[in-house]
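For the sequence shown, numbering that gives the first Met the number 0 gives the first residue as 0, with consecutive numbering after it. To keep things clear, I will list the structure first and then write my remarks on it.
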Amino acid sequence: MTGPADPAASPAPLLVVVDGANVVGSRPDGWWRDRKGAAERLRDRLAGEGLPGHAGPVEIVLVVEGAARGVQSVPGVRVESAPGSGDDRIVELAAEHTGRARLVVTADRELRRRVTELGAEVAGPRTVLG
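Set out below in C-alpha cells:
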C-alpha cells in the first residue's frame, strides 16, 4: 500500500506564458476596436480550455500591454499588465522560472529567439486558439 505522494516531490506545473497582444492580433476579428475586451475574451478562453492537448497541470500567465492593461486575473489564468514592453515582461518571466518547464505562446520571431535562449519552448497562437 502506498501513501499520498509528497507534494514537494511533484514537479511544478508547466508554466504557459501567453503573449496576449500577439495571440489576439493573430486573427482579424476586430480586436483593434476593443483591445481590452479582446484580451478579456482570450483570458476567458484560456481559463475555460487551459492548454488544449496537454494532459498535465499548467499554470497560465497572460501578459498584456498598452490599451489592454488592467485586465483582471481569473481562476486558472494570472494576468500580468506589462509596465512597458510585453515582450520584455515575457522574457523576464521565462528567466525567473528557469528551474521548470516553460512554454511561451507567440508568433513573434524575435521573442521566440529570446526565450528559447533561456531554455523555454515556444508554440504559435493556434496552440491556444485552435
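Just so you know, even glycine gets a beta-carbon here, dropped at the ideal spot from N, CA and C. No experiment lies behind these values; they were computed from the predicted model shown.
(message) Considering just the uninterrupted stretch of the alpha helix (DSSP H) at GLU91, what are its terminal residues?
(response) Secondary structure note for GLU91: its alpha helix (DSSP H) is the uninterrupted segment 85-95.
(request) Round the Cβ separation of GLY118 and THR105 to the nearest angstrom and send it over; I've been treating them as touching at under 8 Å. (result) Under the criterion of beta carbons closer than 8 Å, GLY118 and THR105 do not qualify as touching, at roughly 16 Å.
(request) Locate the beta strand (DSSP E) running through GLU79, then write down its first and last residues. (result) Run containing GLU79: 76-80, per the beta strand (DSSP E) assignment.
(message) On the CB-based measure, 16 or more other CB atoms within 10 Å of its CB, does ARG125 come out buried or exposed?
(response) With fewer than 16 other Cβ atoms within 10 Å, it is exposed.
(message) Along the chain, where does the beta strand (DSSP E) containing ALA122 start, and where does it finish?
(response) ALA122: member of the beta strand (DSSP E) spanning 120-122, first to last residue.
(request) From the DSSP output, read off the bridge partner residues of LEU14. (result) LEU14 is bridged by DSSP to GLU58, ARG101.
(message) Going by beta-carbon coordinates alone, are GLU79 and LEU14 separated by less than 8 Å?
(response) Their beta carbons are not under 8 Å apart, which means GLU79 does not touch LEU14 by this criterion.
(request) Whole angstroms is fine: what's the gap from ALA93's alpha carbon to THR115's? (result) If I take the Cα positions, the gap works out to 9 Å.
(request) Using only alpha-carbon positions, find the residue among GLY55, ALA38, ARG32, ASP33 that is nearest to ASN21. (result) Out of GLY55, ALA38, ARG32, ASP33, ALA38 has the C-alpha closest to the C-alpha of ASN21.
(message) My output table needs one value for VAL70: the three-state DSSP class, helix, strand or coil.
(response) Note: VAL70 maps to coil in three-state DSSP.
(request) For THR1, count neighbouring Cβ atoms within 10 angstroms of its own Cβ and tell me buried if that reaches 16, exposed if not. (result) Residue placement at THR1 cannot be trusted, given a pLDDT of 48 that sits under 50; the coordinates are not used to answer.
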